[in-house]
């Protein structure tokens with residue numbers, strides 16, 4: 001079963017005085033590129049958090065966000081009353097005004113608010129870890145769903161290449177006859193006597209040089225191996241990428257050997273199908 005590296009997962013948790021929201025987004029990447037955005041209160045937990053996400057997602061450019069929304073009356077931000085009153089007294093000396101207007105100005109001044117340092121509640125963090133795990137499962141399910149769609153696309157493209165390859169091989173006998181006729185015509189036009197045995201030997205050599213049987217066999221093996229890898233229990237985008245490289249080599253060799261307009265057209269179509277596979281393989285985990 002293959003998985004896509006593209007995905008999105010979200011989960012929420014309502015605590016007594018705050019709402020926790022976790023979001024995970026991922027795109028394709030050669031390795032795991034993890035960007036973490038969490039409140040400063042939980043910064044000391046970042047290393048363990050990264051390990052938790054890495055074990056679940058493995059690869060991809062991943063954005064992790066942890067949002068906190070205060071829903072209760074409890075807050076770590078308090079008005080620094082002595083400082084605010086001091087600002088108001090100083091402002092009265094500068095401009096006259098009622099207390100409401102002075103308060104509006106004073107509250108925006110430096111140190112008007114004080115933030116009390118919170119300590120991490122271990123029980124609360126365990127609950128947050130649970131919601132992180134839920135979001136990780138959600139994004140993984142998204143990736144599996146996308147992987148199913150990719151698998152169908154791959155199988156369709158592989159079937160197209162297989163058909164085009166067989167069509168190419170079917171033209172081989174016609175191509176060989178065309179080569180024989182062309183060589184014989186050229187000799188006839190020269191109006192010279194040719195040793196028939198030598199002519200046959202040279203013709204066999206020429207045809208062996210442009211024979212595509214080995215390429216056909218190897219390409220067929222690569223196509224079957226690609227399908228076998230798709231059906232494997234582990235997602236392996238890198239392996240699929242290596243197989244497509246080998247497929248490309250065989251298709252290119254068939255094209256260089258074909259020396260036949262219709263066969264070369266079919267080879268171009270095979271290359272087009274393979275390029276579409278390669279583009280999508282980059283998204284496979």
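Numbering (UniProt numbering), first residue to last: 1 to 285. Where is the CB? At the ideal position from N, CA and C, for every residue including glycine. Quantities reported herein were computed from a predicted structural model and do not represent experimental measurements.
For residue 28, there is no enclosing beta strand (DSSP E), as DSSP marks it with neither H nor E. Counting every other CB atom within 10 Å of its CB across the protein chains shown gives residue 70 a total below 16, marking it as exposed. At a cut-off of 3 residues, the continuous stretches assigned as beta strand (DSSP E) that sit fully inside the region 34–98 are 60–70 and 77–79. Take the alpha-carbon of residue 219 and the one of residue 61: they are about 33 Å apart. Positions of the beta strand (DSSP E) runs, each at least 3 residues long and wholly inside the region 106–157, are given as 113–115 in order along the chain. For residue 230, there is no enclosing beta strand (DSSP E); the residue is found in the alpha helix (DSSP H) stretching over 213–230. Minimum Cα-Cα distance from residue 119 among the listed residues 40, 280, 110 and 7 corresponds to 40. The beta carbon of residue 138 is closer than 7 Å to those of 9, 10 and 11 in its chain, skipping five residues each way along the sequence.
Collapsing the DSSP output to three states places residue 17 in coil. According to DSSP, residue pairing for residue 159 in a beta bridge does not occur.
In the structure shown, residue 100 falls within a helical segment according to DSSP collapsed to helix, strand and coil. Annotated three-state conformation of residue 253 is helix, per DSSP. When 3, 284 and 56 are compared, the shortest CA-CA separation from residue 142 is found for 3. In the assembly as shown, residue 151 is a buried residue. Its beta-carbon has 16 or more other beta-carbons within 10 Å.
Counting C-beta pairs closer than 8 Å gives fewer than three between the region 146–166 and the region 13–24, which falls short of the contact rule.
Taking all protein chains in view, the Cβ of residue 145 is surrounded by fewer than 16 other Cβ atoms within 10 Å, so the residue is classified as exposed. Cβ atoms of residue 260 and residue 181 stay farther apart than 8 Å, at about 13 Å. A straight-line Cα-Cα distance of about 33 Å links residue 239 and residue 130.
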